[in-house]
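Chemist: Position 212, counted from 1, in the sequence shown is what the working numbering calls 212; the numbers after and before it change by one each time, with no gaps. No residue lacks a Cβ here, since even glycine has one placed at the ideal position from N, Cα and C.
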Amino acid sequence: MSVTPKCPACGIDATAEIGQAGACRLWRCACGLVFADRATWSDPYSARDYYDPANQPAESYPLRFTATERDRISTVRRLVRSGRLLDFGGGTGKTALAAHAAGFSAIVLEDSHKAVEYGRAHHSEIEWHEGKTIPDSIADGSLDVVTLFHVMEHLLDPRALLAQIHRKLRHGGLLVVEVPNWGSHMRCLRGLRWEFVLDHHVNHFTSSSLARLVENAGFARRATEFRRTFAINEGQPWKEPLKKLLCLLGFGDILRCSFLKTA
Ligand SMILES: [Zn+2]
1 MSVTPKCPAC GIDATAEIGQ AGACRLWRCA CGLVFADRAT WSDPYSARDY YDPANQPAES
61 YPLRFTATER DRISTVRRLV RSGRLLDFGG GTGKTALAAH AAGFSAIVLE DSHKAVEYGR
121 AHHSEIEWHE GKTIPDSIAD GSLDVVTLFH VMEHLLDPRA LLAQIHRKLR HGGLLVVEVP
181 NWGSHMRCLR GLRWEFVLDH HVNHFTSSSL ARLVENAGFA RRATEFRRTF AINEGQPWKE
241 PLKKLLCLLG FGDILRCSFL KTA
């Protein structure tokens, strides 16, 4: 007999089994979080480097950031206009490059050895750290902004990371979180065939379940935005107004929330 798993956001027993999605058994908690049963889950990237050219299309260095990263930093600048910004799980560093161009002192923390190795070699304007936790060399209270673009859906223990981020941010510092939006109409229509139900996505958030988790870690929500898709299509910018309209109608597949450290 299977054991009811505990919610990684609030620690209580899940209330409903959602179904099998690939290798994941998904459950829902009363807090609204949908999550993969950790007991039956194994990391598909445990033995390989996500940004190794063998797994991802090769990037051409030096990198250029795009409208997608500019859009991310425009969200940051609505609440904090300068200072030290850490992009946690920052990948190849494009978001950090957009932050640097906007006047921030930008730091990337990234688990992929390849991404950090290439980044260090080509982009000395960025401070690079390899790993899964914020290093001790970044002092408590020393960061003005932390960004988590498509990180929280991957974390087995999101509360542990939020506690660490809370410590490293200054009082009033900004945390921006972007995740796939489980509450989107598109997800409801497609069920478990929705494009963001993936083996390496272990948490699925709605606007309210994300806010509850982050607020419990000592933050207050200041803004909620939706985007239709993961990236802005630079080749067809005329589609953007239509995508904004679809977001207003509830078809935003991407959820972006801004929080300030209060407690
Ligand atoms: Zn919960």
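1. Do Arg72 and Ala98 come within 9 Å of each other at the CB atom, strictly closer than that value?
2. Looking at the structure shown, is Gln164 part of a helix, part of a strand, or coil, going by DSSP?
3. Considering only DSSP beta bridges, list what Gly19 is partnered with.
4. Can you give me the Cβ contacts of Pro135 inside the same chain, cut-off strictly under 8 Å, excluding the 5 residues immediately before and after it?
5. Excluding the 5 residues flanking Ala54 on each side, which residues of the same chain have their C-beta closer than 8 Å to its C-beta?
6. Please report whether the beta-carbon of Ala220 lies at a distance below 9 Å from any beta-carbon of chain B.
7. Does the distance from the CB of Trp41 to the CB of Ala23 come in under 9 Å?
8. Expressed to the nearest angstrom, what Euclidean distance is found between the alpha-carbon atoms of Arg170 and Ala115?
9. Quick check: does the Cβ of Leu33 come within less than 8 Å of any heavy atom belonging to ligand 1?
10. Compare the beta carbon distance of Ala21 and Leu192 with 9 Å and say whether it is the shorter of the two.
11. Going by beta carbon distance, what residues of the same chain come within less than 7 Å of Asp37, once the five residues before and after it are set aside?
Modeler: If we stick to the structure as given:
1. Cβ atoms of Ala98 and Arg72: closer than 9 Å.
2. helix
3. Leu26
4. Leu109 and His129
5. Arg48
6. Chain labels in this structure do not include chain B; a single protein chain is all it has.
7. Yes, they are a contact pair.
8. Distance between Arg170 and Ala115, taken at the CA atoms: about 28 Å.
9. Because some heavy atom of ligand 1 lies under 8 Å away, the Cβ of Leu33 counts as near it: yes.
10. yes
11. Within the same chain, and ignoring the five residues on either side of Asp37 in sequence, the residues whose Cβ sits closer than 7 Å to its Cβ are Pro5, Arg25 and Trp27.
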